[in-house]
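Chains A and B, in that order, are what the protein sequence lines are.
Counting along the first sequence from 1, when you hit position 172 you're at 174 in my numbering, and nothing is skipped either side.
Counting along the second sequence from 1, when you hit position 367 you're at 428 in my numbering, and nothing is skipped either side.
Structure first, commentary second.
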Amino acid sequence: MGIPSGPGQPRLFDGVTLRHFGIIDAMSLIEVGVDRRPEPRWTDTVKSEVLAGIGLPDCDAVLAAGFLGQPYEVGTDDLIEVFTLRTALRDLSHDASDDPSRDLGEAETLFAADTLNGDFVTDDSAAYDFARRRLGSNRTFDTVDLLREAVAHGDMTSYEAKQVADAIRNSGRHLRRGHPATLTSAYFETE
Amino acid sequence: MDSDVGSRIRAFREVAGLRAQELAARIDMDPTALSKIENGRRAVKSAELARIADGLKVSALALLEDAPLLSKLPLAARRAGQSITSGGAYDRLLSLSELHVVLADAGLPTSPSLAARPDVSGREWLDAATEMAAFARDQLSVASTTSGDQRFGALAEAIEDRFRVDVLVQQFDGDPLSGAAVTDLAFPLLFVNSAFARPRSLFTLAHELGHVLLGHVDDGIALDRELASSTVIERMANAFAAIFLMDETVILETLDHYGRRTPTIVNLAHRFGVSFETIIYRLHNLHLIDAAGRDTLMTFNWQQQLARLASDPTSSGLTKPQVGQLQTRSTRKPGSRLPGLLVGRAHEGFLKGILSVRPLAGLLGEDPQELLIRLSEVEDFDEQRAQLDDADLKREAEQETSEEAFAGTPV
């Protein structure tokens, strides 16, 4: 908990963030961020969620990203921990008609990141806040954090980062709440 | 481990009365894969486990480990009739129980205050119910000092305050479940489906309290469709509710003061917040009226009586607004109520990183993102607590306003 991960540790993505980059056909930006990091990069349930959307451009782009590699599969002994995390992440106002796997991808991803001392990437506000409390802020990221990192590493300019974020929003997808409605290039420069 | 999980899946499937093929079809799973999982010859994936749990109407956690409380819900459902799991109320109880287990396992248990209960084990059922009702009335004095529509809310609050037992009041229209009591002292909780009018809801609340106080622990959870006296346990809970809600001394004093006339029964129905049927049965059980008198009163036109009293309520000892309240109460339902103790534990769990904001927001009926922003604005624990309290108070204030509007309805 709270131990910074490094290039030797994996970085795991939940489905929302993968689809953010998939919808603008920019999976290569994720690839740059996980370069030299070991697998896994996603989990079995996240892959199943994306597979369920096959035919949609964002899901197709994610599935075509070979660098995501083999998904992390939770062993039977670890299922208790995963389902405990799922309860912790679950909105109690759900009803019986909900998908029984709802929030399971997030829970699996968080469990894998915690167990493997890796990073957790999500654009869901509740999951992001929860992960920061458990893993620490230096192991919890969202799309804007990844873009800021890319700018800091010189992989893109802050103007390009702003364009990517705007493109995600213009495609109808949502960045994590808490970011301003209007983004400036300066917002992507590391403070 | 795989074989343990498989065995539990099979056991819960049998409790649900399902054949393996039926379950596989219900959750769109290959029957051979399910069979292998049940026999421990294949590991279950997390998404598969979620579907199996959903198909069996059981917590996935109960399939993974021996979770006493979570294992009792499916057993209670079988006893009450499997269709009871078809409604939203059962799902709500399942979710709250799961939340409790996660909080308790993380070091945030419940702390019910029921040690002072008299020991009624081995007593004849009516004696046990009578003694426990006297104890409850002594502990929950508000039950005696409030009347009419106010009694339900005051009693629910007093139960939480005095006994540290959670009370959930929520409306589930058309749901087979009218009330429930988690009598397992690890997480005592009373549930009232407020789809029904206040008199019935009040009796349900007292009935469920009876289940907890009378220590129906062997059953762990009582799921009630109707409050029929079909078993000794249900008879005890009904007797407890009747004796607790309708104090014999008050009845005798009221009869003595106003006389043995129908307006006096109107007075008692208002005073106790119960239906005419309930007070008539109580009078009969106290041998104050005989069976013939009971049957006559049961067919009496009470709405006509109320209409007469509306213009001149003197003979009933009530005021015009009180009679007005009685005339319209069959259309009024109790407001919803959050399980306050669980909300407090969930808030603490949120602050300690045990829970995300989502379960807390779900309990409070708020948008998770809005709540997160609101709580993030204040770092201090006490300030956050105050923010949540403010939210609750607002809810109560809104309720009071609507009650005042009802009280002001012209007679």
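Positions of the beta carbon are idealized from the N, C-alpha and C atoms, including for glycine.
Note that the structure is predicted; figures quoted are calculated from it, not measured.
Shortest alpha-carbon distance to residue 378(B) belongs to which of 151(B), 327(B), 423(B), 333(B)?
Here residue 378(B) corresponds to residue number 317 of the second sequence, with the count starting at 1. Ranked by how close their Cα comes to the Cα of residue 378(B), the residues 151(B), 327(B), 423(B), 333(B) have 327(B) in first place.
Please work out which residues of its chain come closer than 8 Å, Cβ to Cβ, to residue 103(A), disregarding the five sequence neighbours upstream and downstream, and give them in chain order.
On the first sequence, residue 103(A) is found 101 positions in, with the first residue counted as 1. Counting only Cβ-Cβ distances below 8 Å, and skipping sequence neighbours, we find 47, 50, 51.
Between which two residues does the alpha helix (DSSP H) containing residue 77(B) stretch?
For the purposes of this step, residue 77(B) is identified with residue 16 of the second sequence, where counting begins at 1. No alpha helix (DSSP H) holds residue 77(B); DSSP gives it neither H nor E.
What is the rounded straight-line gap between the Cα of residue 12(A) and the Cα of residue 151(A)?
Within the first sequence, the letter at position 10 stands for residue 12(A). Within the first sequence, the letter at position 149 stands for residue 151(A). Distance between the alpha carbons of residue 12(A) and residue 151(A) is about 16 Å.
Residues, ordered as in the chain, of the region 408-419 of chain B that lie near chain A by beta-carbon distance below 7 Å:
For the region 408-419 of chain B, which is checked against every Cβ of chain A, the residues closer than 7 Å are 414, 415, 416, 417, 418, 419.
Beta-carbon proximity of residue 253(B) to residue 244(B), cut-off 8 Å
Taking the second sequence and counting its residues from 1, one reaches residue 253(B) at position 192. Taking the second sequence and counting its residues from 1, one reaches residue 244(B) at position 183. Contact: no.
Please classify residue 155(A): does DSSP put it in a helix, a strand, or coil?
Counting from one through the first sequence, the residue named residue 155(A) turns up at place 153. Three-state result, residue 155(A): coil.
For the region 46-57 of chain A, which residues have a CB atom closer than 8 Å to at least one CB atom of chain B, in sequence order?
Within the region 46-57 of chain A, the residues whose Cβ lies closer than 8 Å to some Cβ of chain B are 46, 47, 50, listed in chain order.
Which residues in the same chain as residue 466(B) place their Cβ atom closer than 7 Å to its Cβ, once the five residues preceding and following it in sequence are excluded?
By one-based count along the second sequence, residue 466(B) stands at place 405. Its pLDDT being 31, under 50, residue 466(B) is placed unreliably in this model, and the coordinates cannot settle the point.
Taking the alpha-carbon positions, what's the residue 282(B) to residue 248(B) distance?
Position 221 of the second sequence, counted from the start, is the residue given in the question as residue 282(B). Position 187 of the second sequence, counted from the start, is the residue given in the question as residue 248(B). Using only the alpha carbons, I get a separation of about 10 Å.
My output table needs one value for residue 408(B): the three-state DSSP class, helix, strand or coil.
Here the question's residue 408(B) lines up with position 347 in the second sequence. Three-state result, residue 408(B): helix.
So, with DSSP's three-state summary, where would you put residue 185(A)?
For this step, residue 185(A) is matched to residue 183 along the first sequence. Looking at residue 185(A) - three-state DSSP - the assignment turns out to be coil, as it is neither helix nor strand.
Does the separation of the CB atoms of residue 112(B) and residue 145(B) fall below 8 Å?
One-based indexing of the second sequence puts residue 112(B) at position 51. One-based indexing of the second sequence puts residue 145(B) at position 84. The answer is no: Cβ separation not under 8 Å.
In whole angstroms, what separates the C-alpha of residue 188(B) from that of residue 380(B)?
Reading the second sequence from its first residue, position 127 is the one you call residue 188(B). Reading the second sequence from its first residue, position 319 is the one you call residue 380(B). Going from the Cα of residue 188(B) to the Cα of residue 380(B) covers about 37 Å.
Closer than 7 Å by C-beta to residue 304(B): which residues in its own chain qualify, once you throw out the five before and the five after it? Chain order, please.
Counting from 1 along the second sequence, the entry for residue 304(B) is found at position 243. Within the same chain, 190, 191, 194 come within 7 Å of residue 304(B) by CB-CB distance, once the 5 residues on both sides are set aside.
Counting contacts by CB-CB distance shorter than 8 Å, is residue 127(A) in contact with chain B?
As a position in the first sequence, residue 127(A) is number 125, starting the count at 1. Chain B contact via Cβ: present.
Under a CB-based cut-off of 8 Å, is residue 63(B) close to chain A?
Translated into positions along the second sequence, residue 63(B) becomes position 2. At a cut-off of 8 Å between C-beta atoms, residue 63(B) counts as an interface residue with respect to chain A.
Taking all protein chains shown into account, decide if residue 35(A) is buried (16 or more other Cβ within 10 angstroms of its Cβ) or exposed.
Looking up residue 35(A) in the first sequence gives position 33. Taking all protein chains in view, the Cβ of residue 35(A) is crowded by 16 or more other Cβ atoms within 10 Å, so the residue is classified as buried.
Pull out every residue of the region 86-110 of chain B whose Cβ sits closer than 7 Å to any Cβ of chain A, in chain order.
If the cut-off is 7 Å between Cβ atoms, the region 86-110 of chain B has 104, 105, 106, 107, 108, 110 near chain A.
Reducing DSSP to helix, strand and coil, say where residue 13(A) ends up.
Residue numbering aside, residue 13(A) sits at position 11 when the first sequence is read from its first letter. Residue 13(A) falls in the strand class under three-state DSSP.
In or out: residue 161(A) buried (at least 16 other Cβ within 10 Å) or exposed?
Locating residue 161(A) in the first sequence gives position 159, counting from the first residue. A residue is called buried when at least 16 other Cβ atoms come within 10 angstroms of its Cβ; residue 161(A) does not meet this threshold and is exposed.
Looking at the secondary structure, which residues open and close the alpha helix (DSSP H) in which residue 484(B) lies?
A query on residue 484(B) cannot be resolved here, the shown segment of chain B reaching from 62 to 472 and no further.
Please list the partners that residue 85(A) has in chain B, where partner means a Cβ-to-Cβ separation under 7 Å.
Here residue 85(A) refers to the residue found at position 83 when the first sequence is read from its first residue. Ordered by position in chain B, the residues that pass the 7 Å Cβ test against residue 85(A) are 121, 122, 125.
Please report the straight-line C-alpha distance between residue 83(A) and residue 427(B), rounded to a whole angstrom.
As a working note, residue 83(A) is residue 81 in the first sequence. As a working note, residue 427(B) is residue 366 in the second sequence. Roughly 27 Å between the two C-alpha positions.
Within a Cβ cutoff of 6 Å, which residues of the same chain sit near residue 153(A), ignoring the five residues on either side of it in sequence?
As a position in the first sequence, residue 153(A) is number 151, starting the count at 1. Here residue 153(A) has 160, 163, 190 as same chain residues with Cβ atoms under 6 Å from its own Cβ, once five neighbours each way along the sequence are excluded.
Nearest-angstrom Cα separation, counted from residue 438(B) out to residue 179(A)
Taking the first sequence and counting its residues from 1, one reaches residue 179(A) at position 177. Taking the second sequence and counting its residues from 1, one reaches residue 438(B) at position 377. Whole-angstrom Cα-Cα distance: 14 Å.
So for residue 434(B), helix, strand or coil by DSSP?
As a working note, residue 434(B) is residue 373 in the second sequence. Here residue 434(B) carries a helix assignment [DSSP, helix/strand/coil].
From 259(B), 137(B), 226(B), pick the residue whose C-alpha is nearest to that of residue 394(B); which is it?
By one-based count along the second sequence, residue 394(B) stands at place 333. Comparing Cα positions, the closest option is 259(B).
Quick one: which residues of the region 130-153 of chain B get their C-beta closer than 7 Å to a C-beta of chain A? List them in chain order.
Within the region 130-153 of chain B, those residues whose Cβ lies closer than 7 Å to any Cβ of chain A are, in chain order, 149, 152.
Nearest chain A C-beta to residue 75(B) closer than 8 Å, yes or no?
Within the second sequence, numbered from 1, the residue matching residue 75(B) stands at position 14. No - not a single Cβ of chain A is within 8 Å of the one on residue 75(B).
Buried or exposed for residue 311(B), going by 16 or more other Cβ atoms inside 10 Å?
Reading the second sequence from its first residue, position 250 is the one you call residue 311(B). Residue 311(B) should be labelled exposed.
Closest Cα partner of residue 130(B) within the set 433(B), 349(B), 199(B), 154(B)
Position 69 of the second sequence, counted from the first residue, corresponds to residue 130(B). Nearest of 433(B), 349(B), 199(B), 154(B) to residue 130(B), Cα basis: 154(B).
Please report the distance separating the alpha-carbon of residue 376(B) from that of residue 385(B).
Counting from one through the second sequence, the residue named residue 376(B) turns up at place 315. Counting from one through the second sequence, the residue named residue 385(B) turns up at place 324. Note on geometry: alpha-carbon atoms of residue 376(B) and residue 385(B) lie some 15 Å from one another.
Roughly how many angstroms separate the alpha carbons of residue 91(B) and residue 107(A), rounded to a whole number?
In the second sequence, counting from the first residue as 1, residue 91(B) sits at position 30. In the first sequence, counting from the first residue as 1, residue 107(A) sits at position 105. If I take the Cα positions, the gap works out to 22 Å.
Let me know the secondary structure DSSP gives residue 282(B) once reduced to three states.
Locating residue 282(B) in the second sequence gives position 221, where the first residue counts as 1. Reduced to three states, the DSSP call for residue 282(B) is strand.
Residue 337(B) to residue 112(A), Cα distance in whole Å?
Residue numbering aside, residue 337(B) sits at position 276 when the second sequence is read from its first letter. Residue numbering aside, residue 112(A) sits at position 110 when the first sequence is read from its first letter. Looking at the two C-alpha atoms, the distance is approximately 57 Å.
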